[in-house]
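**Student:** Dropping the structure in here first, questions after.
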């Protein structure tokens, strides 16, 4: 009979939650410090509230189920970012027929009332240009330019090659410049 | 004209991020939605009782199996029961039923929910399986054989390893080869954890391409290497190939191009697999790694004939024309799960999963020789040697 594989190292994700707490309490304690970051990352990559919510849910479930594989607490942010960005990309790759059945009524954050009055034509053009990028290009931009990961780290987070990641960033910048130039002309 | 620079993009992203947070459900709402799927766990005394009962049952089962195997009543095939769920086809072809990286509610959960392994390779000579963590780039691989765990290897701390999913057996019997983080060299690591060699394969990495797969020939003298642009939009097939297959010799030198792909709709070259005699290198040639609409071109199983003193010849043995409709988007990272294949031990046939069944095709011309209908799993194939 095949032998069960046992990990040789202890894990570092035991949360200091009393035994008598509910699953909800444990989940909240686990994700409390990171939830907003997960939402930001998924929201920027997915570009629709519905997909972003699903991506965050899927990422939370994966992270919870595999929490024992996180051996260094200091790596949790990186570890979660990796799960979230891959789920967000996966959500954008769902078969076209599942997208057809999804609700079209979800509100995008950028279409919400804009009290500060910052929705300028330039801003709207940049929004449209960003949404026209592929999910992978958006993810590369977000990880590198918004979260500050280096190119090599970004590649690792996305599970892609370094050259591929550089290409994605280069193409994204080129497309953003081109679209805004066309809009201004 | 507005100049789009990184500062403008950063400001835009920061703004959009705040909007995303404002529109998202609260943590409590998210947890409330997630908790029912996670499920409650027993606490305190009931948990201890469950653990005690489970341990007792496992002990009884283990003793019973040991007695049955020892007495010859039960002939146990080579099976990895955790986490691979075995599907025996003709008695020798097995297939993992595992979702790979993504947790899928519709698939059976692995027996140990807190661990997730991906079956990356199989060596017919030794009967060993190579596993990586479902969270790739863990820098750790496991070698599992008939008798259980053979080796657990970490990428040495002094190295920078990448791409656990490209780790492969060889060149020596108790060695694993790991690509470096930049994909320009490979590290040969012994089962004892020591670095045996580092090969510079940068000469076989074409401009703008990344390493996508590697595999040693059965005799360990040649390394098959594939490189690719991940997206066809990033290569110009009129000037450069979008994907390339090479072989290099034992020290990483003398790169020889075996195959170049200049069709823009095919840019994923992966799942390299040598025939047992080392005269053929099979691989999957597939569309790029995203949903390309209109419909993507069907993946192909291609055999590169590399017999000595003969010109290299590429033969398409199988076209996965039915699978692409079933599987929806074709993702390069999932090729080994969605379009698996395996050489027979004698090298005359190849098992291919497709169309709701597993078929055996001729390794010479792709003719269908046998069919094994049944529920299709989602995982790699292996053809076990006869005992």
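Residue numbers (the working numbering), protein chains in the order written: chain H, 1 to 185; chain Z, 186 to 572.
Just so you know, even glycine gets a beta-carbon here, dropped at the ideal spot from N, CA and C.
#1: If you measure from the beta carbon of residue 164(H) to each beta carbon in chain Z, is any gap under 8 Å?
#2: Are the CB atoms of residue 506(Z) and residue 487(Z) within a distance shorter than 8 Å?
#3: Residue 298(Z) by DSSP, collapsed to three states: which one?
#4: List, in chain order, every chain Z residue whose beta-carbon is nearer than 7 Å to that of residue 24(H).
#5: Residues bridged to residue 337(Z) by DSSP?
#6: Distance, Cα to Cα, residue 83(H) vs residue 133(H)?
#7: Are any of the Cβ atoms in chain H nearer than 8 Å to that of residue 377(Z)?
#8: Using the rule of at least 16 other Cβ atoms within 10 Å of the residue's Cβ for burial, across every protein chain shown, is residue 165(H) buried or exposed?
#9: Which residue or residues does DSSP assign as beta-bridge partners of residue 315(Z)?
#10: Rank 63(H), 137(H), 148(H), 120(H) by C-alpha distance to the C-alpha of residue 160(H) and give the top, closest one.
#11: For residue 358(Z), which of helix, strand or coil comes out of DSSP?
#12: Out of 485(Z), 248(Z), 431(Z), 200(Z), which has the shortest C-alpha to C-alpha gap to residue 504(Z)?
#13: Is the CB of residue 50(H) under 8 Å away from at least one CB in chain Z?
#14: With a threshold of 7 Å on Cβ separation, who are the neighbours of residue 245(Z) within its own chain once the five nearest residues in sequence on each side are excluded?
#15: Could you name the residues of the stretch 67 to 78 of chain H whose beta carbon sits closer than 7 Å to any beta carbon of chain Z, in the order they occur along the chain?
#16: Closer than 9 Å between beta carbons: that is the criterion. Which residues of the stretch 198 to 217 of chain Z meet it against chain H?
#17: Are the beta-carbon atoms belonging to residue 398(Z) and residue 455(Z) less than 8 Å from one another?
#18: If you reduce the DSSP assignment to three classes, tell me which class residue 394(Z) lands in.
#19: Which bits of chain Z does residue 27(H) rub up against, with CB to CB less than 8 Å?
#20: Interface residues of chain A around residue 140(H) at Cβ under 9 Å?
#21: Residue 396(Z) CB to nearest chain H CB: under 8 Å?
#22: For residue 385(Z), which beta-bridge partners are listed by DSSP?
#23: Give the residues from the stretch 445 to 468 of chain Z that approach chain H closer than 8 Å (Cβ to any Cβ), ordered along the chain.
#24: Mind checking if residue 60(H) is an interface residue toward chain Z, Cβ cutoff 8 Å exclusive?
#25: I'd like to check one pair, residue 40(H) with residue 206(Z): are the Cβ atoms closer than 8 Å?
#26: Against residue 149(Z), what residues of chain H qualify as contacts under a CB-to-CB distance less than 9 Å, listed in chain order?
#27: Could you confirm whether any beta carbon from chain Z is found closer than 8 Å to the beta carbon of residue 32(H)?
#28: Name the chain H residues that come within less than 9 Å of residue 368(Z), Cβ to Cβ?
#29: Hey, is residue 191(Z)'s beta-carbon within less than 8 Å of any beta-carbon in chain H?
#30: Of all the residues that make up the stretch 383 to 394 of chain Z, which are near chain H by a beta-carbon distance shorter than 8 Å?
#31: Between the C-alpha atoms of residue 229(Z) and residue 26(H), what's the straight-line distance to the nearest angstrom?
#32: Based on Cα-Cα distance, which residue from 404(Z), 393(Z), 428(Z) lies nearest to residue 410(Z)?
#33: If the cut is a Cβ gap below 9 Å, which residues of chain Z does residue 43(H) touch?
#34: Can you check DSSP and say which residues form a bridge with residue 469(Z)?
#35: Is there a Cβ of chain Z sitting closer than 8 Å to that of residue 153(H), yes or no?
#36: Please tell me whether residue 393(Z) and residue 163(H) are closer than 8 Å, where the distance is taken between their beta carbons.
**Tutor:** This is what the structure holds:
#1: Yes, contact with chain Z.
#2: No, the pair does not count as a contact, with Cβ atoms beyond the cut-off.
#3: Below a pLDDT of 50, predicted positions are generally treated as unreliable, and residue 298(Z), at 38, falls in that range; no measurement from the model is reported.
#4: Within chain Z, 216, 217, 220 have C-beta atoms less than 7 Å from the C-beta of residue 24(H), given in sequence order.
#5: Answer by DSSP bridge pairing, in chain order: 327(Z).
#6: Looking at the two C-alpha atoms, the distance is approximately 21 Å.
#7: No, because no Cβ of chain H sits closer than 8 Å to the Cβ of residue 377(Z).
#8: With 16 or more other Cβ atoms within 10 Å, it is buried.
#9: BP columns for residue 315(Z) point to 306(Z), 328(Z).
#10: For the options 63(H), 137(H), 148(H), 120(H), the alpha carbon positioned closest to that of residue 160(H) is the one of 137(H).
#11: It is coil, neither helix nor strand.
#12: Here the closest residue by C-alpha is 485(Z).
#13: No, because no Cβ of chain Z sits closer than 8 Å to the Cβ of residue 50(H).
#14: So no residue of the chain qualifies.
#15: Near chain Z, meaning a CB-to-CB distance below 7 Å, the residues of the stretch 67 to 78 of chain H are 68, 69.
#16: If the cut-off is 9 Å between Cβ atoms, the stretch 198 to 217 of chain Z has 198, 199, 200, 201, 202, 203, 204, 205, 206, 207, 208, 209, 210, 211, 212, 213, 215, 216, 217 near chain H.
#17: Cβ distance < 8 Å, so residue 398(Z) and residue 455(Z) count as in contact.
#18: Reduced to three states, the DSSP call for residue 394(Z) is coil.
#19: Those within 8 Å of residue 27(H) in chain Z are 216, 219, 220, 223.
#20: Protein chains in the displayed structure are H and Z, and chain A is not among them.
#21: Yes, its Cβ sits closer than 8 Å to a Cβ of chain H.
#22: Bridge partners of residue 385(Z) according to DSSP: 370(Z).
#23: So nothing in the stretch comes that close.
#24: Residue contact with chain Z for residue 60(H): present (Cβ-Cβ distance below 8 Å to some residue of chain Z).
#25: Going by C-beta atoms, residue 206(Z) is nearer than 8 Å to residue 40(H).
#26: What is shown of chain Z runs 186 to 572, which leaves residue 149(Z) out entirely.
#27: Yes, residue 32(H) counts as interfacial toward chain Z.
#28: Here the neighbours are 161, 162, 163.
#29: Closer than 8 Å to some Cβ of chain H, the Cβ of residue 191(Z) qualifies, so yes.
#30: Those residues of the stretch 383 to 394 of chain Z placed with their C-beta closer than 8 Å to a C-beta in chain H are 393, 394, ordered along the chain.
#31: Interpretation of residue 229(Z) is limited by its pLDDT of 41, a score under 50 that renders its predicted location unreliable; no figure is taken from the coordinates.
#32: Nearest C-alpha to residue 410(Z): 428(Z).
#33: By Cβ distance, chain Z contributes 201, 202, 204, 205, 206, 208, 209.
#34: DSSP lists 455(Z), 486(Z) as partners of residue 469(Z).
#35: No, residue 153(H) lies away from the interface with chain Z (no Cβ there is under 8 Å from its Cβ).
#36: Against a cut-off of 8 Å, the Cβ pair of residue 163(H) and residue 393(Z) comes out as a contact.
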